[in-house]
Amino acid sequence: MIIAAWNVRGAGKDKCASTIMDLKKAYDIDVFAILEPRISGPRALRVAQSPGFSHYHIIDAIGFSGGVWLLWNDNSVSLQVVAHSSQSITALIQSSNHKWLLTVVYANPCPGVREALWKYFDGLALASSLPWLVIGDFNDTVNATEKCGGNTNHGGKCFIDWIERNHLVDLGFSGAKYTWCNKRNAEGIIWKRLDRGLCNIDWRMLFPDAQLSHLPRVNSDHCPIMVKLASNHRPDSDNVPFRFQAMWMSHPDFNDFITDKWNSGNGSAMEKTTSLVSSLISWNRQIFGCLFQRKKTILARLAGIQKKLCVCHNPFLHNLEIELTNDYNLILDQEFWLQKSRNTWLKEGDRNTHFFHLSTVIRRRRNKLEGLNNDQGIWITEKHAMKQIIVNYFQGLFDASGSVADYNSLPQLFPHLDEADLDWLSCPISDEDIKNSLFSIGGLKSPGPDAFPALFYQNFWEVCSPDITASVKNCFQTATLPDHLNETFIALVPKVERPASMTQLRPISLCNTLYKVVSKIIVARLRPHMAKLVSPNQVSFVPGRQITDNIIIAHEVLHKFKITKGKKGFIAWKIDLSKAYDRLRWPFIREVLWEIGIRGRTLELIMQCISTVQYKAILNGELTDPFNPQCGIRQGDPLSPYIFVLCMEKLSHIIQQKLQDKTWKPVQICQGGPTISHLFFADDLILFGEASTHQARLMKKCLDDFCDISGQRVSFEKSTICVSPNIHADLASSIATISGSPLTTNLGKYLGVPLIHTRVTKNTYQEIIAKVQKRLASWKSHTLSMAGRMTLLQSVTAAIPLYTMQTAKLPSAVCDRLDQLNRNFLWGHTADTAKTHLVNWETVCKTKLGGGLGIKKASWMNQALLAKTGWRILQHEQGLWAKVFNAKYLKHHDILTAKDSQFPCSSNVWRGVLYGTPVLSRGLKWRVGNGDNVMFWTDKWLSCGPLHQYALNDLSQDMLHSKVSDFLDDGVWDLNSLRECLPDNIIQLILSVHAGFQGSGADQCIWQFNPNGTFSVNSAYNTFLTDENAVAWKWHFIWKLPLPPKVKTFLWTVCHKKLLTNVQRQRRCLTQVPTCPRCGYLMETIAHLFKDCPSSLDIWNALRSGVGNNMGSMDFEDWLLLNLQSKNKVNHGLPWQLVYATFLWFVWKWRCKKVFDQNFIMPLDPHTLILQYALDWATATRPSSSTCIRTVTFLHWQAPLLGTCKVNTDGSRNNTTGMIGAGGLLRDADGAWLKGFTGKLGVGSILEAELWGIFWGLSLAWDAGVRDVVIECDSTYIP
């Protein structure tokens, strides 16, 4: 079925009727909505009849404005108009045994009249639960990107709110970006997207392939829009690659099936994997059963049974109905849709949710290509022609023909690797290397032509490992790859929302899983040398360097631009490399690796990985013909990023040579500071230099020289160049002309973060808010439980502003808006559908241990992330970014004592770092070594804080300057001096610090809130919650209970006593009647709801048999605690905790249904449903191996090997006083006692006691001259 809608702006025009007929004929339209015809009466009837549709429904225009017509052919569509208004027509359509609603709309240009339409549509949505499509001219936009020209418009708030509260999904579009134009000249022209299609979730699920197109605009200022319910590109099953389904592994016979097939197969691991495909297809069809076919069969059987039960009751059929219903609900399709949706951030959730399914539908629709422009710009929709366009494009892209410059003309500046490093690169691989490589691959990452994800090999490692190990070792021994191992699929991922050409698609290579094992082993050997080989200007894929390093430097350079005065100015040239990975020449890669020192089999194997590739592209699920590249490396190959970075280093060498020749004039950050000539992050490049035509020519020549040798190509028209504000316009124009790139005053974003050229406002970071808002679409809130929404907030939206928050202080308005979006999404709140926020935001943002949900407050997270940068400065990192900060701001200042007022002309980044220093100050502490650098009285080196506040006497200035080492004598504390000035409890804390002895090392500043002493953002964030987390929340144990995630979040609300009972609703002024809706009791408290209401008591009495606890007159909290901490088991060995929590969940669910659903009927056996639900959950989450063999182990001391000694240590703690101690002894191979020790260690934890025991035990052995020693202790804390 094809549906079209067109705002004709007057159907009485001469050409209108003929254009409608042309469109109908050209696109075979079944239903056509004519909007704003501006005519009525007999004239409207004549025009509506002229296009040749069999039926029509007309809403006349009012005067010369408005009007809606709906035209359709009765022989191709079953349509009945069921409602209409002055701005819309709604029809009921029946197709393929499905009924759904179609609404065509012309929204009035007047906002007030339009608002009435949204309210009318709200009523339609409430009156029907059918799938619903709304199409037409809405006369409004939803964001600023939907308008071009004129004043900025972020979209109509009422329109956006209507979309959100009805959980509507935009169909998207293909074709022109805007649907309306005012047709004025270039200066006054305005474009908008006013026409669109919106649908509810059920309609999107019913028609997953439906797509909307913007047709060419003729004879109106609006373009027609057309919706096709079916795709033109149904994949041919014979040409669709096989895919392993993770759900198969849930079948009890699957392990035996795979083991048998694998062991009976012949050939290499790759050949055995290939031979499994046909066997699995047969097994799925015959044993596991097609998932959808099984569902269809069960539904058909249920329909027949229920039809017979309506005639007369039959106990056998009744039981069979229950059994079939359970079978239907237990079909394991959640894993199927999880794998299909690729939403890896939602690890836990409910049973097969609409969310997974709808995510898959939307992603598939977004990635589906309905057509492509060929080389002549003609739109091609025929499948085979599209495949040929794809193959031709890649063959042209991977063509390495053309002259190549001499590599030796480049400066050879790679540092030489040591012989030991080169030997390690080529040393034989071990079985452990292979296993580690395989298990480092994400289990459900998209596989290549082998069709098997890493999860398969990981689960069957014991079966497959001999063959995998042999194959991989053979690759490294022979420097060759076996047949088919390097075959690769290319997935075409849209770079824009509506790709029309191949340049708008990003090719992602899907490599075979077993190939990735080989590639990752090479990477593991190459990665440790990257920091030595790659200059500090490049920070991608180099251990120890971070993406934020170059973001910081870029901001500082642009700040230099901003404050530069005088005649000398600067250039910043942001370079766009076209298809950077795909254009690298293979001989160039070989030369780079040879220069590094990689030779022999290692070099040959790497080149085999790069040059033996055979591609097939995937078009809408189907494969194209194969093609072989002559150049390029693959996006998706673990090895490619490292090869690319090493190759890009040659451009850095060219620039370094020009710097050494003093022909390239870089930007000096400050007097005496480092110079910045370029910043690289993979293929994201920015070049810096003095602003002159000579420098512009030099920069361009360096780029041209590099491109001639490497095969790279600069897209000069997409690159941008900016100059410092003090540069004259004529010079700036000349520089832009020489460079071939457009001149701009704003370079936009760098590595996803806005580059700051002017004053920071909330609009600077408006895109972050827009991204978060998009990820929190209302349909996601509607399809996820609260547990799912919580996970989404914690793992997805929190990551969107991460790099920006780490490099700049966001305006408070931005942070508040982010919190508001998160808060509203968590509780399902929209502008017009106010949902009660049951627990206040401050509590929600606490840790789970402290009674919250662990959701991060934006401003606190911002400050904690900025503190990370300060911590890196404190650690004396040597990166280029640190040198910039040290030279510009820290010559005469310390990061901890620096104040914003001391830097009147500082960058936004530096102000952000200073914003994070209070967090650092709270968490820093000295770890005392020799004590020479730690002030005894004023520094923080004990958990109680600086000691001057505990002094028994007044402290002189000389005493305040005392060091910790002044109170130590060869590792022993001067107790007499301590007792003179400090109380006993503080002295005990001091005695727990063991310092000043030989080998204790230097004093070190550590992060006190992490056990290993290193900074973490999470612990820094928790410093804002110190007071709240001082005492653990009484109910924090609920998060560890074996319960469904949604039940855990429900329990969290119950434990906070924030459930919206009628008593709570009265308190919040939501009702005046606090009575129980089930029994009529005067006060529906939370205790009454679950514990005292007769409805709940009946269910409780049916469940509690054998549990051994009673409600009685027990307080609700005590009753709740007793049952949630119970270790009892009930039916089928179910934990009572699970049954009890499920009981609470269902009682609340049924209570709400009774209140809000007049048709709800309470189940006859509610306790049976509760037990069944609990059993389903327990069964689904039970570990696959449930057998447990109990063994008895006899503990006894075992002597060490001859020639070695053993140290046995133990620590102890007095729980009353907190005092700790340790002891140990040293014995030889005969068990003879050699030495021993005991000691009091002051106040501390048992872990500290155990660790100090091990330390002193090893010291004892060392002092005794023993070097070959075994350490043994009985602590469960220490592995």
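With the UniProt record's numbering, letter number 87 in the sequence shown gets 87, and the count goes up by one each step, no holes. The beta-carbon is built from N, C-alpha and C at its ideal position, and this holds for glycine as well.
{"Check": "Helix, strand or coil at Asn1208 [DSSP, three-state]", "Outcome": "strand"}
{"Check": "For Glu1248 and Ser1259, the rounded distance between their alpha carbons", "Outcome": "16 Å"}
{"Check": "Limits of the unbroken beta strand (DSSP E) element including Ser78", "Outcome": "78-85"}
{"Check": "Reduced DSSP category for Met648 - H, G, I as helix; E, B as strand; rest coil", "Outcome": "helix"}
{"Check": "Under the three-state DSSP convention, the category Gly1133 falls into", "Outcome": "helix"}
{"Check": "Under the three-state DSSP convention, the category Ser540 falls into", "Outcome": "coil"}
{"Check": "Per-residue DSSP class, three states only, for Phe1146", "Outcome": "helix"}
{"Check": "Cβ-heavy atom distance, Arg1078 to the ligand ATP, below 7 Å", "Outcome": "Only the bare structure without any ligand can be found here, which leaves the ligand ATP out of the picture."}
{"Check": "Pair within 8 Å by beta-carbon distance, Leu514 and Ala269", "Outcome": "yes"}
{"Check": "Identified DSSP bridge partners for Val1269", "Outcome": "Cys1205"}
{"Check": "Distance between beta carbons of Ile1099 and His1167, contact taken as under 8 Å", "Outcome": "5 Å"}
{"Check": "The region 732-746 / the region 661-668 touching (three or more Cβ pairs under 8 Å)", "Outcome": "no"}
{"Check": "C-alpha gap between Arg697 and Ala580, whole angstroms", "Outcome": "22 Å"}
{"Check": "Whole-angstrom distance between Asp819 and Ala858, CA atom to CA atom", "Outcome": "6 Å"}
{"Check": "C-alpha distance - Asp399 paired with Gln630, whole-angstrom precision", "Outcome": "6 Å"}
{"Check": "Per-residue DSSP class, three states only, for Thr663", "Outcome": "coil"}
{"Check": "Residue(s) in a DSSP beta bridge with Cys181", "Outcome": "Trp191"}
{"Check": "Asp928, DSSP secondary structure in three states", "Outcome": "The sequence as given places Val at residue 928; Asp does not occur at that position. Here Val928 sits in coil by DSSP."}
{"Check": "Integer Cβ distance of Ile39 from Val47, believed to fall under 8 Å", "Outcome": "7 Å"}
{"Check": "Identified DSSP bridge partners for Asp684", "Outcome": "Asp576, Phe681"}
{"Check": "Where Val1155 falls: helix, strand or coil (DSSP)", "Outcome": "helix"}
{"Check": "Contact the region 435-446 vs the region 515-524: 3+ CB pairs below 8 Å", "Outcome": "yes"}
{"Check": "Ile738 - DSSP class collapsed to helix/strand/coil", "Outcome": "helix"}
{"Check": "Ser278 to Leu505 span [Cα, whole Å]", "Outcome": "33 Å"}
{"Check": "Cys1076 versus Asp60 - alpha carbon distance", "Outcome": "52 Å"}
{"Check": "Phe244 vs Phe456 beta-carbon contact at 8 Å", "Outcome": "yes"}
{"Check": "Per-residue burial, Gly569 [other beta carbons within 10 Å of its own, 16 or more giving buried]", "Outcome": "buried"}
{"Check": "Ile163 versus Val142: straight-line alpha-carbon distance, rounded", "Outcome": "9 Å"}
{"Check": "Span separating the alpha-carbon of Ser1095 from that of Cys1079", "Outcome": "8 Å"}
{"Check": "Range of the contiguous alpha helix (DSSP H) that encloses Val760", "Outcome": "That residue, Val760, is in no alpha helix (DSSP H); it is neither H nor E in DSSP."}
{"Check": "Coil, strand or helix - Val472 by DSSP", "Outcome": "helix"}
{"Check": "Three-state secondary structure (DSSP) of His892", "Outcome": "coil"}
{"Check": "Arg872, enclosing beta strand (DSSP E) - first and last residue", "Outcome": "Careful: Arg872 lies outside any beta strand (DSSP E), inside the alpha helix (DSSP H) at 858-874."}
{"Check": "Collapsed DSSP secondary structure at Lys616 in the structure displayed", "Outcome": "strand"}
{"Check": "For Asp637 and Cys511, believed in contact at Cβ under 8 Å, the rounded distance", "Outcome": "6 Å"}
{"Check": "CA-to-CA distance, Leu920 to Leu896, given in whole angstroms", "Outcome": "8 Å"}
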